[in-house]
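Please read the structure below before turning to the comments.
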Amino acid sequence: MEQLQIAVGDKVEHATFGKGTVTAVWGEGEQTKVTVKFAKEVGEKKLLVRMANLKILSDRTQLLPDEENDDAQAEELSKSDE
């Protein structure tokens with residue numbers, strides 16, 4: 021079974037706890053564990069990745085719309101300086 025690649029900042033979903041954000045990752049291989057901050061009523065949970073059946077909704081490598089706009093604006097500004 022392929023190990024889920026998960027990192028701090030990933031947005032995930034758990035069947036019971038709902039949506040949350042990964043705040044810590046430790047261990048390796050089948051012993052990889054994560055801490056996920058879920059909604060206020062659920063709180064923070066420590067989960068064994070191979071048992072938690074987490075679905076990654078978005079990860080830290082994806083740009084947010086504002087970040088994309090910032091990059092475009094920075095590029096335009098550098099062109100206007102030339």
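Oh and the sequence shown: position 68 is 88 in our numbering, straight run, nothing missing. Glycine included, each C-beta is placed from N, C-alpha and C at the ideal position. Treat the numbers as computed from the prediction; the structure is a model and nothing was measured.
How far does the alpha helix (DSSP H) with residue i in it extend, from its first residue to its last?
i: A72; result: V69 to A72
Please list, in chain order, all residues of the same chain as residue i whose beta carbon is under 7 Å from its beta carbon, the five residues on each side excluded.
i: W46; result: K53
i: K75; result: V32 and E33
Since residue i is in the beta strand (DSSP E), which residue starts that stretch and which ends it?
i: L24; result: Per DSSP, L24 belongs to no beta strand (DSSP E) and is neither H nor E.
i: T41; result: G38 to W46
Which class does residue i belong to by DSSP, given the choice of helix, strand or coil?
i: E64; result: strand
i: V28; result: coil
i: A35; result: coil
Which same chain residues end up closer than 8 Å to residue i when comparing Cβ atoms and leaving out the 5 residues on each side of it in sequence?
i: K39; result: K31, V32, E33, F58, A59 and L77
Apart from the five residues just before and just after residue i, which ones in its own chain have a Cβ nearer than 6 Å to its Cβ?
i: E50; result: R70
Can you tell me the Cβ-Cβ gap for residue i and residue j, rounded? I've got them flagged as a contact below 8 Å.
i: T43; j: V56; result: 7 Å
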